[in-house]
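Worksheet: the structure to be examined is printed underneath.
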Amino acid sequence: MTLAELLVRLGGLGLGLRWRVECDEKWDLPAELERRSAGDGMDTLMLLSLTAPDIQLIDAEACGFAEDVLVVVLTEVDSSSWDVRAAEERVLSELRGHYPGATDL
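To convert a position in the sequence shown, counted from 1, into the working numbering, add 3.
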């Protein structure tokens, strides 16, 4: 599963967020994605356009902010595993609805 897929699954819950992406392996982070992650980040549609259809990152973390408050963190552990932390339970509920095999840690 890619970051783009996960962003789409957030639906309207992710649309108003500003995103910053960091990656342990700098060579895996496309230059435009790294540039736009600086400062106040980028909106969801820009992040989606930079990661769709199949950009795969290693040990990446995408942080979504509403104004200056961190509300969701998507951490790609490997190419098929994600950790999701969210300030609101409804974000996690939305994702559980799309991924019934998801487990709480």
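Where a beta carbon is used, it is the ideal one built from N, C-alpha and C, also for glycine.
By DSSP, does G15 sit in helix, in strand, or in coil?
In the sequence shown, residue 15 corresponds to position 12, counting from 1. G15 falls in the helix class under three-state DSSP.
Could you tell me which residues DSSP puts in a beta bridge with V76?
As a first step, residue 76 must be located in the sequence shown, where it is residue number 73. DSSP output for V76 lists C66 and R88 as bridge partner(s).
Using the Cα positions of R21 and M4, report the straight-line distance between them to the nearest angstrom.
The residue labelled residue 21 in the question sits at position 18 within the sequence shown. The residue labelled residue 4 in the question sits at position 1 within the sequence shown. When rounded, the distance between both Cα atoms is 21 Å.
Please classify M45: does DSSP put it in a helix, a strand, or coil?
To locate residue 45, count along the sequence shown from 1; it is residue 42. Here M45 sits in strand by DSSP.
Please tell me whether V74 and A89 are closer than 8 Å, where the distance is taken between their beta carbons.
For the purposes of this step, residue 74 is taken as residue 71 along the sequence shown, with counting starting at 1. For the purposes of this step, residue 89 is taken as residue 86 along the sequence shown, with counting starting at 1. A contact, by the Cβ cut-off of 8 Å.
Using alpha carbons as the reference points, say which of L36, G42 and I58 lies closest to L6.
Position 3 of the sequence shown, counted from the start, is the residue given in the question as residue 6. Per the Cα distances, I58.
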